[in-house]
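J.:
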Amino acid sequence: MELPPPKDPFAELVVADPRYPRDAYLFLRDGLEYTQRLLKREIGTKARHISGQELLEGLREYALKEYGPMALTLLAEWGVRRTEDFGDLVFNMVEHGILSKTDRDSRDDFRNGYDFDQAFRSPFLPTRRPD
0 MELPPPKDPF AELVVADPRY PRDAYLFLRD GLEYTQRLLK REIGTKARHI
50 SGQELLEGLR EYALKEYGPM ALTLLAEWGV RRTEDFGDLV FNMVEHGILS
100 KTDRDSRDDF RNGYDFDQAF RSPFLPTRRP D
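Per numbering that gives the first Met the number 0, residue 0 is the first one in the sequence shown, and the count goes up by one each step.
1. Consult DSSP for arginine 18 and reduce its assignment to one of helix, strand or coil.
2. What do you get for valine 14, buried or exposed, if any count of 16 or more other CB atoms within 10 angstroms of its CB means buried?
3. For asparagine 111, which option in Pro17, Gln52, Tyr24, Arg47 has the closest C-alpha, if you only look at C-alpha atoms?
4. Based on Cα-Cα distance, which residue from Arg128, Phe119, Leu124, Glu1 lies nearest to arginine 80?
5. Does serine 50 come out as helix, strand or coil in the three-state DSSP assignment?
6. Does aspartate 7 come out as helix, strand or coil in the three-state DSSP assignment?
Rendered as structure tokens:
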């Protein structure tokens with residue numbers, strides 16, 4: 000008897016909210032793990048809850064590290080054009096039991112976190128040399 004293939008929770012997310020492809024959720028998952036490692040190094044503690052603002056900063060750093068000047072383009076291709084999109088991804092994952100949240104967490108934690116153009120394009124613009 001052959002076992003059925005395991006369910007892919009990320010495929011289920013795409014069906015539930017087709018605004019974002021599977022790659023956007025995988026990026027968020029990997030960016031969350033990156034942020035957890037980063038904060039663990041900084042604080043020296045076991046994994047702990049990460050705030051929306053901490054996650055936004057970690058996702059920004061992770062995107063720049065992994066994708067460099069292509070980060071903005073890739074995120075846009077995945078439908079992620081503002082920090083609120085990260086919040087929607089997170090809360091879709093919460094609603095499907097992939098991530099957990101505290102009573103203090105809300106989608107508002109991701110509202111107006113940073114300007115995408117500034118966050119993902121500016122680090123690669125040439126600096127102007129003084130005349």
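Ideal Cβ positions, reconstructed from N, Cα and C, are used throughout, including at glycine.
The structure presented is a predicted model; accordingly, all values stated were derived computationally and were not measured.
T.: For this structure:
1. coil
2. By the neighbour-count rule (16 or more Cβ atoms within 10 Å), valine 14 is not buried but exposed.
3. Gln52
4. Phe119
5. Correct three-state label for serine 50: coil.
6. Three-state DSSP puts aspartate 7 in coil, outside helix and strand.
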